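Undergrad: This is the structure, below, for whatever I ask next.
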Amino acid sequence: MPIIDLRSDTVTKPTPEMRRAMYEAEVGDDVYGEDPTVNRLEAMASQRMGKEAAVYVASGTMANLVSGLTHCGRGDEAVVGHRSHMLLYEVASLAAFGGVQMRSVPNDDRGMLDPNTVEWAMRPDDAHQPRTAMVAVENTHNRCSGGVLDAEDIGVLAEIAHRHGARFHIDGARIWNAAVALGVPPAELARPADTVSFCLSKGLSCPVGSMVCGSSETIQRVRKNRKMVGGGMRQAGVIAAAGIVALETMVDRLAEDHDNAKRLARGLARLPGIGLDPSRVQSNIVIFDVQDRPAEAFIAALKEKGVLASFPEGGRVRMVTHYGINAEDIDEALNVAESVSRGKVSGRR
Ligand SMILES: Cc1ncc(COP(=O)(O)O)c(C=O)c1O
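The letter at position 330 of the sequence shown is residue 330 when you use the working numbering, and the numbering goes up by one with no holes.
Shown next as structure tokens:
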């Protein structure tokens, strides 16, 4: 049975061109700054994000950790969204390694933070209170159905952070999706950020790797923090080579993933027992409610018929489109979802 894997865009496999580039990559010791392929990837990433410098790291989680460690000291506070990946899914790494307290403010359905609430969350200089050292946003927003923040949204939040002496970080794991959805260069979205991270290993289909971009001075400190957490890699050009191919060949095609996500959302919204507003789907993530049975039962029934989905939180199902999924797969997934949603309800809420 062919599997249609919609669990995440992290399941993407490297393209043939990436595999060739990895095989042929020129390498050196990257901790000495001598890996020409890593150096080229870092130069490309910083240029695309409109920043002076960039550093290659192992994962999106590490990118957020080393950025946070750079901006925050022990006992400082970081303001993040209540549905953010940094708060929910990174094993409290900033608290564990950096002694940083995370303060969550509500994300709206698109992943935006209310400027008035962020303003309110910024700590005054007061003997009783921690220093607010960082505000971080996520773009696109994973748990908010791949919602997109535009340059104006980001500018408003960055201005608040900076006015209060805090640094501003963008968890841009999927910022390329945001840029393609808006039809703007990613540098436009990253402009006010002190650090912006992005993942090569999601929609861009690399086997591994993320980037952190910022000013030369900031990235020098991020690089040191990367070494501190054990992320200094040696002949990393072997994996970085895929990142170069990704930036050269895999960005524009994200529009296809967005079209497929919209097609999927429109089809799902017509099915009985599914709660979904397709107009909310802006990029490659579709999240919906299952109204007549537990989400786990719905996902298990899909799996029996070869369609894989994940569930981000109680009662909801997530499907993500990516390089391994085409329009026919979407139609087939919809056929399966229809037969499951019209089938006998076996579980109870
Ligand atoms: C928004 C966001 N940030 C960070 C990460 C972490 O990336 P990684 O899995 O490479 O650690 C993810 C992963 O899904 C994510 O969705």
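Virtual Cβ for every residue (Gly too), placed ideally from N, Cα, C.
Here the structure is a predicted model, which is why all the values come from computation and not from measurement.
(1) For Gly273, I'd like the list of residues in its chain whose CB is within less than 7 Å of its CB, leaving aside the five on either flank, ordered along the chain.
(2) On a Cα-Cα basis, can you pick out the residue from Thr15, Met18, Asp30, Asp5 that is closest to Lys227?
(3) Spatial neighbours of Arg7 within its chain, please: C-beta separation below 6 Å, excluding the five flanking residues on both sides.
(4) Excluding the five sequence neighbours on either side, which residues of its own chain have a C-beta within less than 7 Å of the C-beta of Asp9, listed in chain order?
(5) For Ile3, which three-state DSSP category applies?
(6) In three-state terms, what does DSSP make of Ala121?
(7) Under the rule that 16 or more other beta-carbon atoms within 10 Å means buried, what is Arg74, buried or exposed?
(8) Would you identify the three-state DSSP class for Thr321, choosing helix, strand or coil?
(9) What residues in its chain sit with their C-beta under 7 Å from that of Arg349, if we drop five residues either side in the sequence?
(10) On the DSSP bridge list, what partners appear for Ser197?
(11) In three-state DSSP terms, what is Leu189?
(12) Does the segment 162-180 come close enough to the segment 130-143 to have 3 or more Cβ pairs within less than 8 Å?
(13) Quick check: what's the CA-CA separation for Glu159 versus Ser215?
(14) From which residue to which residue does the beta strand (DSSP E) around Gly81 run?
(15) Could you say if the segment 167-182 and the segment 139-147 meet the contact criterion of at least three C-beta pairs nearer than 8 Å?
(16) So the beta strand (DSSP E) Met134 belongs to, where does it begin and stop?
(17) With C-beta atoms as the reference, is His71 less than 8 Å away from Asn107?
TA: Inspection of the coordinates gives the following:
(1) Val290, Gln291, Asp292, Ser341
(2) Asp30
(3) Leu308, Ser310
(4) Lys202, Gly203, Asn284, Val320, His322
(5) coil
(6) helix
(7) exposed
(8) coil
(9) At Arg349, the pLDDT of 40 sits below 50, so the modelled position is not reliable and the matter cannot be decided from this model.
(10) Asp171, Val212
(11) helix
(12) yes
(13) 18 Å
(14) 77-81
(15) yes
(16) 132-138
(17) no
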